[in-house]
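> Have a look at the structure that comes next, please.
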Amino acid sequence: MKVVHVNAEAQRNACLARLCAEVYGQEAGLTPLVVFTGTCSVFFPQEAARLFAAVDGNGKPQALALLVLDEEGEGMTVTHACALNQADAQQRLISELTLKAPLRVEVNNAEQEAFYQKAALSVGLVGRTESELA
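Okay, so the sequence shown: first residue is 2 according to this note's numbering, each after it adds one.
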């Protein structure tokens with residue numbers, strides 16, 4: 002499995018749509034559409050976001066991750082990530098990305114925190130304190 006930066010607009014839009022569907026599910030209302038539209042119309046043109054895929058030997062995506070440039074322009078924040086076909090593909094993708102750039106992630110629960118720590122990321126907590134996650 003290798004990591005690729007999805008640059009071609011049509012493929013990037015298709016992967017981003019799939020990522021939004023996987024992360025938010027079928028009952029999410031307008032949230033996935035807002036994320037998709039905002040990312041495509043603002044972040045990608047300003048080169049403030051990158052979409053990466055872990056692909057198999059045939060080039061088929063196994064996991065996707067959307068990274069947004071941090072305010073200082075020195076690192077990236079993982080905003081959305083999912084596995085598509087292989088259960089461990091998401092963790093492998095995140096682990097590979099940590100080798101290429103400083104990454105940060107914000108989590109909402111202890112399960113997410115454990116997942117990202119296992120992938121060697123430093124975790125920023127959103128809306129919860131460390132004691133609440135313990």
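We put the CB at the ideal spot given by N, CA and C, even for glycine.
Quick caveat, the model's predicted, so the values are computed rather than measured.
If I measure Cβ to Cβ from Cys21 and keep anything under 6 Å in the same chain, skipping five residues before and after, which residues do I get?
Counting from 1 along the sequence shown, the entry for residue 21 is found at position 20. Around Cys21: Pro33, Val36 and Phe37.
> Pro46: buried (16+ other C-beta within 10 angstroms of its C-beta) or exposed?
Your numbering for residue 46 matches position 45 in the sequence shown. Classification for Pro46: exposed.
> In whole angstroms, give me the CA-to-CA distance for Gln12 and Asn110.
Taking the first residue of the sequence shown as position 1, residue 12 is located at position 11. Taking the first residue of the sequence shown as position 1, residue 110 is located at position 109. Gln12 and Asn110: Cα-Cα distance of roughly 32 Å.
> Where Thr80 and Asp57 are concerned, what is the direct C-alpha to C-alpha distance, given to the nearest angstrom?
Working through the sequence shown from its first residue, we reach residue 80 at position 79. Working through the sequence shown from its first residue, we reach residue 57 at position 56. Roughly 23 Å between the two C-alpha positions.
> Do Thr78 and Glu114 come within 8 Å of each other at the CB atom, strictly closer than that value?
Residue mapping note: residue 114 aligns to position 113 of the sequence shown, counting from 1. Residue mapping note: residue 78 aligns to position 77 of the sequence shown, counting from 1. Cβ atoms of Glu114 and Thr78: not closer than 8 Å.
> What's the C-alpha gap between Thr99 and Leu52?
Stepping through the sequence shown from its first residue, residue 99 is reached at position 98. Stepping through the sequence shown from its first residue, residue 52 is reached at position 51. For Thr99 and Leu52, the distance between alpha carbons rounds to 14 Å.
> Using DSSP with H/G/I as helix, E/B as strand and the rest coil, what is Ala111?
To locate residue 111, count along the sequence shown from 1; it is residue 110. Here Ala111 sits in helix by DSSP.
> Between Val5 and the rest of its own chain, which residues show a CB-CB distance below 6 Å, the 5 nearest in sequence each way excluded?
Taking the first residue of the sequence shown as position 1, residue 5 is located at position 4. Answer for Val5: Ala54 and Val56, listed in chain order.
> Along the chain, where does the beta strand (DSSP E) that runs through Leu65 open and close?
Here the question's residue 65 lines up with position 64 in the sequence shown. First-last of the beta strand (DSSP E) with Leu65: Pro62 to Leu70.
> Using CA coordinates, which residue listed in Glu112, Ala84 and Glu72 is at the minimum distance from Leu104?
Sequence index remark: in the sequence shown, residue 104 carries index 103 (1-based). The option with the nearest alpha carbon to Leu104 is Glu72.
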